[in-house]
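Protein chains in written order, with this note's numbering: chain A, 129 to 321; chain B, 129 to 321; chain C, 129 to 321; chain D, 129 to 321; chain E, 129 to 321; chain F, 129 to 321. Every residue, glycine too, gets a C-beta built ideally from N, C-alpha and C. Since this is a predicted model, take the numbers as computed values, not measurements. Inspection log for the structure reproduced underneath, given as structure tokens.
Number of protein chains: 6
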Amino acid sequence: MPVISVTLVPGYAPEAQARLVSHLAAAARAVVPASEAGTTVFINEASTYRRDGRTLTGGDGAPALPDAGQVVREFLEAVGQRDFEAARRWLAPGFEMVFPGGVVMRELAELAAWAQGRYQSIRKHYARLDQAWQGEVTVVYCSGTLEGRWLDGSGFEGIRFVDRFELAGGRIRRQEVWNDLAEAKAPVQRPRS
Amino acid sequence: MPVISVTLVPGYAPEAQARLVSHLAAAARAVVPASEAGTTVFINEASTYRRDGRTLTGGDGAPALPDAGQVVREFLEAVGQRDFEAARRWLAPGFEMVFPGGVVMRELAELAAWAQGRYQSIRKHYARLDQAWQGEVTVVYCSGTLEGRWLDGSGFEGIRFVDRFELAGGRIRRQEVWNDLAEAKAPVQRPRS
Amino acid sequence: MPVISVTLVPGYAPEAQARLVSHLAAAARAVVPASEAGTTVFINEASTYRRDGRTLTGGDGAPALPDAGQVVREFLEAVGQRDFEAARRWLAPGFEMVFPGGVVMRELAELAAWAQGRYQSIRKHYARLDQAWQGEVTVVYCSGTLEGRWLDGSGFEGIRFVDRFELAGGRIRRQEVWNDLAEAKAPVQRPRS
Amino acid sequence: MPVISVTLVPGYAPEAQARLVSHLAAAARAVVPASEAGTTVFINEASTYRRDGRTLTGGDGAPALPDAGQVVREFLEAVGQRDFEAARRWLAPGFEMVFPGGVVMRELAELAAWAQGRYQSIRKHYARLDQAWQGEVTVVYCSGTLEGRWLDGSGFEGIRFVDRFELAGGRIRRQEVWNDLAEAKAPVQRPRS
Amino acid sequence: MPVISVTLVPGYAPEAQARLVSHLAAAARAVVPASEAGTTVFINEASTYRRDGRTLTGGDGAPALPDAGQVVREFLEAVGQRDFEAARRWLAPGFEMVFPGGVVMRELAELAAWAQGRYQSIRKHYARLDQAWQGEVTVVYCSGTLEGRWLDGSGFEGIRFVDRFELAGGRIRRQEVWNDLAEAKAPVQRPRS
Amino acid sequence: MPVISVTLVPGYAPEAQARLVSHLAAAARAVVPASEAGTTVFINEASTYRRDGRTLTGGDGAPALPDAGQVVREFLEAVGQRDFEAARRWLAPGFEMVFPGGVVMRELAELAAWAQGRYQSIRKHYARLDQAWQGEVTVVYCSGTLEGRWLDGSGFEGIRFVDRFELAGGRIRRQEVWNDLAEAKAPVQRPRS
Chain A
129 MPVISVTLVP GYAPEAQARL VSHLAAAARA VVPASEAGTT VFINEASTYR RDGRTLTGGD
189 GAPALPDAGQ VVREFLEAVG QRDFEAARRW LAPGFEMVFP GGVVMRELAE LAAWAQGRYQ
249 SIRKHYARLD QAWQGEVTVV YCSGTLEGRW LDGSGFEGIR FVDRFELAGG RIRRQEVWND
309 LAEAKAPVQR PRS
Chain B
129 MPVISVTLVP GYAPEAQARL VSHLAAAARA VVPASEAGTT VFINEASTYR RDGRTLTGGD
189 GAPALPDAGQ VVREFLEAVG QRDFEAARRW LAPGFEMVFP GGVVMRELAE LAAWAQGRYQ
249 SIRKHYARLD QAWQGEVTVV YCSGTLEGRW LDGSGFEGIR FVDRFELAGG RIRRQEVWND
309 LAEAKAPVQR PRS
Chain C
129 MPVISVTLVP GYAPEAQARL VSHLAAAARA VVPASEAGTT VFINEASTYR RDGRTLTGGD
189 GAPALPDAGQ VVREFLEAVG QRDFEAARRW LAPGFEMVFP GGVVMRELAE LAAWAQGRYQ
249 SIRKHYARLD QAWQGEVTVV YCSGTLEGRW LDGSGFEGIR FVDRFELAGG RIRRQEVWND
309 LAEAKAPVQR PRS
Chain D
129 MPVISVTLVP GYAPEAQARL VSHLAAAARA VVPASEAGTT VFINEASTYR RDGRTLTGGD
189 GAPALPDAGQ VVREFLEAVG QRDFEAARRW LAPGFEMVFP GGVVMRELAE LAAWAQGRYQ
249 SIRKHYARLD QAWQGEVTVV YCSGTLEGRW LDGSGFEGIR FVDRFELAGG RIRRQEVWND
309 LAEAKAPVQR PRS
Chain E
129 MPVISVTLVP GYAPEAQARL VSHLAAAARA VVPASEAGTT VFINEASTYR RDGRTLTGGD
189 GAPALPDAGQ VVREFLEAVG QRDFEAARRW LAPGFEMVFP GGVVMRELAE LAAWAQGRYQ
249 SIRKHYARLD QAWQGEVTVV YCSGTLEGRW LDGSGFEGIR FVDRFELAGG RIRRQEVWND
309 LAEAKAPVQR PRS
Chain F
129 MPVISVTLVP GYAPEAQARL VSHLAAAARA VVPASEAGTT VFINEASTYR RDGRTLTGGD
189 GAPALPDAGQ VVREFLEAVG QRDFEAARRW LAPGFEMVFP GGVVMRELAE LAAWAQGRYQ
249 SIRKHYARLD QAWQGEVTVV YCSGTLEGRW LDGSGFEGIR FVDRFELAGG RIRRQEVWND
309 LAEAKAPVQR PRS
């Protein structure tokens, strides 16, 4: 049922405009119980725009923020290939990682060293990517399963994980990781009788 | 910079309207690098509305969906107090829980039994709640730390957790849980030298 | 695909607003190849409205024009029942009728006299009513079949007719009638061999 | 008084846009008693448009429907010149004609044969063309007078006719014809004393 | 030609809304060469409004500013009647008056004393009132002629004057006065031969 | 708080559009107590526009009116340099000047002659320029101080003046001048004891 009209200064790329209308449709439908068919969003590019005493015309707009999901995917891809230089391009100053057990790290190289004490190799299979849009910050969760090889050479797979990424200004400023690796090695649970 | 205008049939509660404009502002700012001060959203209630050959006037609108974060908070509160009847009111048909180790359950009572094999008591301290609006589905993540008592009576606290809730139509249809309980009991990691 | 927003001064009745959005959807779809599902029309009631140096607020609006189709139906109903007084209420000054053979009349009573020379009785079965909206003027066509009794007492039925009504300001100012009565009596066509 | 704003995807031709605003003005004025001077309609081309989960940008729009009046005029012109091949281009599958006496035909050639039994020649003088916009269907009526020559070589003129055309998707799917030819030959009416 | 749509939170009085649409029509016509008939302005009251992270609903709006022309008229009326207490209610803190010769005063009583050295009595006939809207500040000019009695008892009339008032927040913070009193007493001009 | 949207036919120059949004922001803030940060104005160029039965598309618009302040500045500049030919280009037919003492003139040359009887030379220092937008007419006031030389060769400076200009269609049709020259020569005021 909702009709959402967005007025922007001209110049945002078609990809960004498509992302914007898609975000807004989704955000509205989290409140208003409307079907996709009943949800209309469109963008009008204003030919002149004035706010706060400043007048903008076409092309004066800042570039759109990158797609947070894409940023996370490219970061994870680079980390998976141990291309830390490429990975670092996606990081904000003050970047921080929190790993299972509450281990806090700030350098990707540090992470590599830490991982060497836990498994020989690991690979993530992504099942879901969720984005939480919060204004200044966008939070991206990705979850799925881990596959790899323990330090003793035995293999594992299907172990659940979830990563939380906090992005500001299109850069990742915090990664937090949870997974069932410890559970897989030594379940907390008492065996059912 | 964006000005977002929403046209709705009349009758949505002020709380829902406030939630809607807040969602839309956040969703837009995940694409357009605009400040809060530069982001304007408003709702116009159409006096008559026609789409798909049907004409609506005030009061014909369906009620708004409940706030997904609030649903999750109330569900967790009820579960924490072992008030399963209250908790079940927030569940969709086919509700499913996935717990560490990939344990799948469908009944809250089942969960209580399972938990008895892992710890004497547990309490969640919530630090963050993130909502991902996806149209049909809203995903809510809440994360924080666990405090409780192991089966041997010893205490624990500050153990990280994250829950993922999938809601459709204002009801929870899936909960997935990750935490560091196993890591806390038996870290995967080789002690650093 | 079109989204049509109408701004009106407040005060038009819900029926008139529903008629307006329905008209506009139909009119737009005569140009833009959009489905009903893809056609959205809504009305916003302006709280204050200024044009041509005059400022209107709610309730200052003139009443809506009556539905031209309804006017025609009520006129024909009254004429059918020979209730000329009721029928005359729907007529504009200068009302004129044109009947088969180009016979022009101005009075309903005159029509009754003329008809007496053609048939004993007649009744219209309406199949279709089409409205052409032209701004100052709305033209209504209704067509269907005639049933009745000739002067010689023999019956007829299924004879095609069409009436054209020209309305201005909600009143009928001209009626024009075509039908196959003469054709039924004495076909122009040479019998096919 | 009404201000009507239409949002379209870009790419509709100026002629179609002009036709659209003209239709909408006329359609609105059939409900709201506004003068031409008080009726404003404008089209905004959205730079991005999303409905029903699909996102359109400029140029993705389907072409506008042809002007139904123009289709009818060109069809009648071709038929008048016995250029049936040209005329057929304007016909929808399942095209059907209904002529005085309720004669139903499906082929233009059939019509030519039928006419030969009625008159030597005929020509239409168009006085009025009315369009009824109904969404899927647009109905066009044209009326005026017939001029020609009877089978016996004598001439006729000023004989009233009206044609009803039903168009869908810019093609004619039904033509219905009424006229006073039979009345002219043999009036139903008893001579007035 | 311009259509100007204003979105406000609900609650502004009809008088203020009428003033707003009138101001906007005038302001637009100072740039766009449109007639009154071609200038449309309307106000939509948003049912919910969010900017800068704050959400407003009806009735949260601040009251409108008073009409600057009316403020000036009431101030001048009170001063003319030597009702300084009433006049002071229209003054902003730091109010300042500048009179012919560049005389600066801050108290209305001071003005009265100063005037006693110039004339026995004076009365203003207002011919024109012009408002310059500048955002924070509105400047009002009123001009006309002075009538009164010199200190020697002789009368004067038709002497031109203009007052400039600077208002902020609906209060007068500066008055500046020019007139031809000195010119009337002792023209600068050399008598024409 | 106000969001002001203006729909124009395309083709107004960016300078004119910037002027328009600035005027509208100022005009609105004279009624609604909104900050600059809370005032948003934007222009949408309609791709097709219909009013009063006429349909406009891009480029059909009349050129914008010139900035009244700029017209006055250029006129005063030309007059100051005694370039009466340039100055006259800014004048409307029927132009009239009113000078101190109520002296009315119609020709710039006449003004030059009149001034010769009052001072040897004069120069204006502009401090403020106020524009009052009134629809057909824009009134511009400029005020500041005069500097020059009396007929006896002695100098003066800091003498207050204000000019009122009435513009229609971008041309000056009336100038009215007030200043303290007479006051400076022969104050009305009794010396304070």
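query                                                                                                                                                                                  : result
If we count the other Cβ atoms within 10 Å of its Cβ and call it buried at 16 or more, is E/Leu219 buried or exposed?                                                                  : buried
For B/Arg234, is the classification buried or exposed, using 16 other Cβ atoms within 10 angstroms of its Cβ as the cut-off for buried?                                                : exposed
Output, in sequence order along the chain, the residues in the segment 242-275 of chain E whose CB is closer than 8 Å to any CB in chain F.                                            : Trp242, Gly245, Arg246, Tyr247, Asp258, Gln259, Ala260, Trp261, Gln262, Gly263, Glu264, Thr266, Val267, Tyr269, Ser271
Based on Cα-Cα distance, which residue from D/Thr167, D/Gly139, D/Gln145, D/Arg157 lies nearest to D/Tyr177?                                                                           : D/Gly139
Any beta carbon of chain F sitting closer than 9 Å to that of E/Ile287?                                                                                                                : yes
Tell me the rounded alpha-carbon separation between E/Ser249 and F/Ala237.                                                                                                             : 38 Å
Tell me where the beta strand (DSSP E) around B/Gly276 begins and ends.                                                                                                                : 265-278
In angstroms with no decimal places, state the Cα-to-Cα distance between F/Ala153 and F/Pro315.                                                                                        : 42 Å
Give the residues of chain A in contact with F/Val149, contact being defined as C-beta atoms less than 9 Å apart.                                                                      : Thr176, Tyr177, Arg178, Thr183
Express the C-alpha separation of C/Ala146 and D/Gln262 in angstroms, rounding to a whole number.                                                                                      : 15 Å
Within 10 angstroms of the Cβ of D/Val149, are there 16 or more other Cβ atoms? Answer buried if so, exposed if not.                                                                   : buried
Quick one: what's B/Trp261 bridged to in DSSP?                                                                                                                                         : B/Thr266
At 8 Å on the CB atoms, spell out the chain F contacts of E/Arg292, in chain order.                                                                                                    : Asp258, Tyr269, Ser271, Val290
Bridge partners for C/Trp306 per DSSP, in chain order?                                                                                                                                 : C/Val290
Considering D/Arg246, what are the terminal residues of the alpha helix (DSSP H) in which it resides?                                                                                  : Element bounds for D/Arg246: n/a, residue is neither H nor E.
So with Cβ pairs under 9 Å, would you call C/Leu136 a contact of chain B?                                                                                                              : yes
In terms of alpha-carbon separation, which member of B/Leu309, B/Leu184, B/Ser271, B/Pro228 lies closest to A/Thr273?                                                                  : B/Pro228
Could you say if the segment 159-179 of chain A and the segment 164-173 of chain F meet the contact criterion of at least three C-beta pairs nearer than 8 Å?                          : yes
Determine, for A/Gly230, whether the minimum Cβ-Cβ distance to residues of chain B falls below 9 Å.                                                                                    : yes
Check for me: the beta strand (DSSP E) holding F/Glu224 runs from which residue to which?                                                                                              : 219-227
Of all Cβ atoms in chain D, is any one closer than 9 Å to the Cβ of F/Asn307?                                                                                                          : no
Tell me the DSSP secondary structure of F/Val159 in three-state form.                                                                                                                  : coil
Go through its chain and collect everything with a Cβ distance to E/Val226's Cβ below 6 Å, but skip five positions before and after it.                                                : Val232, Glu304
Run through chain F and tell me which residues come within less than 7 Å of D/Ala153, C-beta to C-beta.                                                                                : Arg178
For D/Gly283, which of helix, strand or coil comes out of DSSP?                                                                                                                        : strand
Grab me the residues of E/Met129's own chain with a C-beta within less than 6 Å of its C-beta, minus the 5 sequence neighbours each way, in chain order.                               : Ala162, Gly166
Pop quiz: F/Val268 and F/Phe293 are said to be a contact at Cβ under 8 Å. What is the actual Cβ separation, rounded to whole angstroms?                                                : 4 Å
With DSSP as the reference, label E/Glu164 as helix, strand or coil.                                                                                                                   : coil
DSSP three-state label for E/Arg234, please.                                                                                                                                           : coil
Hey, D/Leu295 and D/Ala215: beta-carbon distance below 9 Å or not?                                                                                                                     : no
Along chain C, in chain order, which residues have C-beta atoms closer than 8 Å to that of A/Ala146?                                                                                   : Ordered by position in chain C, no residue passes the 8 Å Cβ test against A/Ala146, which lies about 16 Å from the chain.
Run down chain F in chain order and give the residues with a C-beta less than 8 Å from the C-beta of B/Ala165.                                                                         : Ala165
Could you name the residues of the same chain whose beta carbon sits closer than 7 Å to that of D/Val199, not counting the 5 residues immediately before and after it, in chain order? : Trp218, Leu295, Gly298, Ile300
State the DSSP-derived secondary structure class of F/Ala296, mapped to helix, strand or coil.                                                                                         : strand
Please list the terminal residues of the continuous alpha helix (DSSP H) segment that includes B/Leu193.                                                                               : Premise fails: B/Leu193 is in no alpha helix (DSSP H) and is neither H nor E.
Starting from B/Val131, find everything on chain F with Cβ-Cβ shorter than 9 Å and list it in chain order.                                                                             : Val131, Ser133, Thr168, Phe170
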